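S.K.:
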Amino acid sequence: MRLIIETTAVFMLLILLLGGTGCQKTIRSDEVVSNSETPVQKLIVEKGNYLDLRLPSPAIGRWWAVDKGALPYLQPKLEIGQGMIRLLAVKPGKTRVTCVLTDRNLFKYRKVVVDVEILPHPE
Numbered sequence: 422m423r424l425i426i427e428t429t430a431v432f433m434l435l436i437l438l439l440g441g442t443g444c445q446k447t448i449r450s451d452e453v454v455s456n457s458e459t460p461v462q463k464l465i466v467e468k469g470n471y472l473d474l475r476l477p478s479p480a481i482g483r484w485w486a487v488d489k490g491a492l493p494y495l496q497p498k499l500e501i502g503q504g505m506i507r508l509l510a511v512k513p514g515k516t517r518v519t520c521v522l523t524d525r526n527l528f529k530y531r532k533v534v535v536d537v538e539i540l541p542h543p544e
């Protein structure tokens, strides 16, 4: 249940951040830009579970991809055309995942960065 709430919060935050120019203001009027220094959000997932990053639907001929930071902690599965990246937590630890909106020429249109903490599976 907590994972669903956190995933929904990420989706809503990403819509606000990427809706216009990629740089919007939050409720507290702080400028937020998603780059390698300022991740959008910190997510927590247990080993063996999936983490769904729901991103804005891309235009035809573009898709979201994991640029860096997933391996060895997470195994990404792309849902091309749907704006979703599914990450399987395979190893406990912390990582910073960078997702990019790209096309067949590998041009990077937008970037979203999230911090992910993978907890060990409870015994």
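Here the sequence shown stands for residues 422 to 544, where the numbers follow this note's numbering.
Note that the Cβ used here is the ideal one computed from N, Cα and C, for glycine as well.
Computed from a predicted model, the values in this text were never measured in an experiment.
Within this structure, are the beta carbons of Val533 and Leu476 separated by less than 9 Å?
M.R.: yes
S.K.: Could you spell out the range, first to last residue, of the beta strand (DSSP E) harbouring Cys533?
M.R.: Strictly speaking, residue 533 in this sequence is Val, with Cys absent from that position. Element bounds for Val533: Lys529 to Leu540.
S.K.: Given a cut-off of 9 Å, decide if Leu509 and Pro493 are closer than it, judged by their beta-carbon atoms.
M.R.: no
S.K.: Given a cut-off of 9 Å, decide if Val511 and Lys468 are closer than it, judged by their beta-carbon atoms.
M.R.: yes
S.K.: Can you give me the C-alpha to C-alpha distance between Ile506 and Trp484, rounded to a whole angstrom?
M.R.: 10 Å
S.K.: Please classify Ile481: does DSSP put it in a helix, a strand, or coil?
M.R.: coil
S.K.: Under 6 Å Cβ to Cβ from Thr523, same chain only, skipping five residues before and after it: list those, please.
M.R.: Ala486 and Lys529
S.K.: If you reduce the DSSP assignment to three classes, tell me which class Ala486 lands in.
M.R.: strand
S.K.: Terminal residues of the continuous beta strand (DSSP E) containing Gly504?
M.R.: Per DSSP, Gly504 belongs to no beta strand (DSSP E) and is neither H nor E.
S.K.: Please name the residue in Ile481, Thr516 and Gly490 whose C-alpha comes closest to that of Gly504.
M.R.: Ile481
S.K.: If you follow the beta strand (DSSP E) that Leu522 is part of, which residue opens it and which one closes it?
M.R.: Gly514 to Asp524
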